[in-house]
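Novice: The structure's right below; bear with me while I get my questions together.
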Amino acid sequence: MREQASPQGPPLAAAKDTPNGWNIWQPLQCFLLAATTAPYRRAFKLYTWRPMKDFRAAKGDRTLLIPLVRNWKADKYAELQAVQVAATFCGGAAFSSLPWSRTSNAIWIADALWFCSLLCSIFAIITSIQTKSLLDDLPSREQLTTALPENEVQRMRQTILRYKKTPGIKHWIMVFVWQFPSMTMAYAWCTFIAGLTVYICTPFIQRLPWQDRHKQIAVAYLAFGLVGVLTYISATVFVYVGEKDYERSVAISRASTLANTGSSTIANKNVGFGGVEAGASPTRVEAQTQMQQDATNLTIVEIPDPVQAARSKALIGFDHSDSPKMVPEHSRANPRLLF
1 MREQASPQGP PLAAAKDTPN GWNIWQPLQC FLLAATTAPY RRAFKLYTWR PMKDFRAAKG
61 DRTLLIPLVR NWKADKYAEL QAVQVAATFC GGAAFSSLPW SRTSNAIWIA DALWFCSLLC
121 SIFAIITSIQ TKSLLDDLPS REQLTTALPE NEVQRMRQTI LRYKKTPGIK HWIMVFVWQF
181 PSMTMAYAWC TFIAGLTVYI CTPFIQRLPW QDRHKQIAVA YLAFGLVGVL TYISATVFVY
241 VGEKDYERSV AISRASTLAN TGSSTIANKN VGFGGVEAGA SPTRVEAQTQ MQQDATNLTI
301 VEIPDPVQAA RSKALIGFDH SDSPKMVPEH SRANPRLLF
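Take the sequence shown: its letter number 235 is residue 235 in the UniProt record's numbering, and every next letter is one higher.
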């Protein structure tokens, strides 16, 4: 059965009701996406949303798709390994907290939140194992080269994106599957902290007298918790600002590189014409032009941050520094951000 393609633009009725065909639902969709992925925004953006966008933009071009899949597969393995560790620790913490709710003055909301945290932790571990099975079906890192057969390239693309021509409902379900382990792990920690907060703040909810020691414990917990929340929000804002600065710097560098390449090409043409008119050897001019073109077709890869390289080596078991430093220009079409 052929997949039903999702609409590429707003419906005609909605376009008529808004100026210039602007879709009024698009800001709402963006807000809902940002709100639901807020606890794991960076992991969702780096390891699911942006790679899927790059894969769709490649449109089956093997010269673009193979390097993207090779880098994404290694990053996805590292993400799933971190999810398994964090979800296991969260599940143990939630399980050990369940006896606290057996006290006489406990509130059922804390118990419900802890059970939700335990359930999310279990699903995070299970789905990360299933997602690793999907990654294992893809070609290995040694096989992901330009010599990969065309049928393997198409099978790999179908496994990741789940569509042939246009993205449909199966594709968006697959995007949800790729990000599901990180989502459940993040929600597990959020529900665990929420349940712990409700349990600690039980004296305020039940309006117990101030002399009760549980109320004093709740005040100390809220004070330190507020400091932690403010620090987390500040770090998140700084990370977001750093990402935008990095993207802006990459865009400026790319524009300057294209401008320098265009000016050098024009200069080479002028030098070539001048050499021929002055009686220079055409063979020598052609050789110099070919050498300059070969030099412009290669670019130096930026050396990764030592902290990022060490962290990647510890997580996925190999060192990125062994990769060649000279790669084709098209493999750096979309620079990546790593943790």
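All C-beta atoms in this analysis are idealised placements derived from N, C-alpha and C, irrespective of residue type, glycine included.
Tell me whether G60, by its Cβ, gets closer than 6 Å to a heavy atom of the ligand MN.
Specialist: In the structure shown, the ligand MN is absent, as is every other ligand, since no ligand is present at all.
Novice: Taking its Cβ as the centre, do 16 or more other Cβ atoms sit within 10 Å of S75, making it buried, or is it exposed?
Specialist: Note that residue 75 is Asp in the sequence shown, not Ser. With 16 or more other Cβ atoms within 10 Å, it is buried.
Novice: Straight-line CA distance for Q81 to Q158?
Specialist: Rounded to whole angstroms, Q81 to Q158 spans 24 Å at the Cα level.
Novice: How about the stretch 44-56 and the stretch 189-200: do they share at least three Cβ pairs that are nearer than 8 Å?
Specialist: The stretch 44-56, when compared against the stretch 189-200, does not touch it at the 8 Å Cβ threshold.
Novice: Is G60 helix, strand or coil when you go by DSSP?
Specialist: Coil at G60, not helix or strand.
Novice: Under 7 Å Cβ to Cβ from A110, same chain only, skipping five residues before and after it: list those, please.
Specialist: Excluding residues within five positions, the ones whose Cβ falls inside 7 Å are S101, G195, V198, Y199.
Novice: So, using beta-carbon positions, are C90 and S121 closer together than 7 Å?
Specialist: Result yes, Cβ atoms of C90 and S121 sit closer than 7 Å.
Novice: Taking the alpha carbon of residue 344 as the reference point, which residue from A58, F224, S263 has its own alpha carbon closest?
Specialist: Past the boundaries of the shown model lies residue 344; the chain is included only from 1 to 339, so the question cannot be answered.
Novice: In whole angstroms, give me the CA-to-CA distance for S249 and A259.
Specialist: Near 15 Å, if we compare the C-alpha coordinates of A259 and S249.
Novice: Between the Cα of I66 and the Cα atoms of K215, F204, L148, which residue gives the shortest distance?
Specialist: When only C-alpha atoms are compared, the closest one is L148.
Novice: Alpha helix (DSSP H) containing K132: first to last residue?
Specialist: Note, K132: alpha helix (DSSP H), 108-136.
Novice: For Y40 and R141, I'd like the C-alpha separation in whole angstroms.
Specialist: Cα to Cα, Y40 sits roughly 27 Å from R141.
Novice: Answer yes or no: do A124 and T37 have a C-beta to C-beta separation smaller than 7 Å?
Specialist: No.
Novice: Between which residues of its own chain and V241 is the CB-CB distance below 7 Å, once the five residues before and five after are set aside?
Specialist: There are no such residues.
Novice: To which residues of the same chain is C201 closer than 6 Å at the C-beta, ignoring the five residues directly before and after it?
Specialist: Correct list, in chain order: A218.
Novice: Any idea what DSSP makes of C201, helix, strand or coil?
Specialist: Coil, per DSSP.
Novice: Considering Cα atoms alone, identify which of Y232, L222, R162 is closest to H171.
Specialist: Measuring from the Cα of H171, the nearest candidate turns out to be R162.
Novice: Mapping DSSP to helix, strand and coil, what is P39?
Specialist: Note: P39 maps to helix in three-state DSSP.
Novice: Leaving out five residues on either side along the sequence, give the residues of the same chain with a beta carbon under 8 Å from the beta carbon of Q4.
Specialist: Because Q4 sits at a pLDDT of 43, beneath the cut-off of 50, its placement in the model cannot be relied upon, and the point is left open.
Novice: Determine the contact status of L68 and D54, defining contact as a CB-CB distance below 7 Å.
Specialist: Yes, the pair counts as a contact, with Cβ atoms nearer than the cut-off.
Novice: My assumption, with CB atoms under 8 Å, is that L208 sits in contact with H214. Please give the rounded CB distance.
Specialist: Correct: roughly 7 Å between the Cβ atoms.
Novice: Check I24 in the structure and name its three-state DSSP category.
Specialist: In this structure, I24 counts as coil in the three-state DSSP scheme.
Novice: The alpha helix (DSSP H) with E150 in it runs from where to where?
Specialist: Unbroken alpha helix (DSSP H) run through E150: 150-161.
Novice: So what's T146 in DSSP terms, helix, strand or just coil?
Specialist: Note: T146 maps to coil in three-state DSSP.
Novice: Quick one: Cα of A186 to Cα of F95, how far?
Specialist: So the two alpha carbons sit approximately 17 Å from each other.
Novice: Within the stretch 215-252, note down every full alpha helix (DSSP H) run reaching 4 residues or more, in order along the chain.
Specialist: Runs found: none.
Novice: Could you say which of I205, L98, Q154 lies nearest to R56 if we only look at CA atoms?
Specialist: Taking only the C-alpha atoms, the option nearest R56 is Q154.
Novice: Give the straight-line distance between the Cα atoms of D137 and W72, rounded to the nearest whole angstrom.
Specialist: In a straight line, the C-alpha of D137 is about 14 Å away from that of W72.
Novice: Looking at R70 and L144, is the spacing between their C-beta atoms short of 7 Å?
Specialist: Yes, the pair counts as a contact, with Cβ atoms nearer than the cut-off.
Novice: Just verifying my parser: in three-state terms, what is the DSSP assignment at N71?
Specialist: Helix.
Novice: If you draw a straight line from the C-alpha of A235 to the C-alpha of Y246, how long is it?
Specialist: Rounded to whole angstroms, A235 to Y246 spans 16 Å at the Cα level.
Novice: Note down the Cα distance separating G228 from S256, rounded to an integer number of angstroms.
Specialist: Those two C-alpha atoms are separated by around 42 Å.
Novice: Going by other Cβ atoms of all chains shown within 10 Å of its Cβ, with 16 needed for buried, is I160 buried or exposed?
Specialist: Buried, by the Cβ-count rule.
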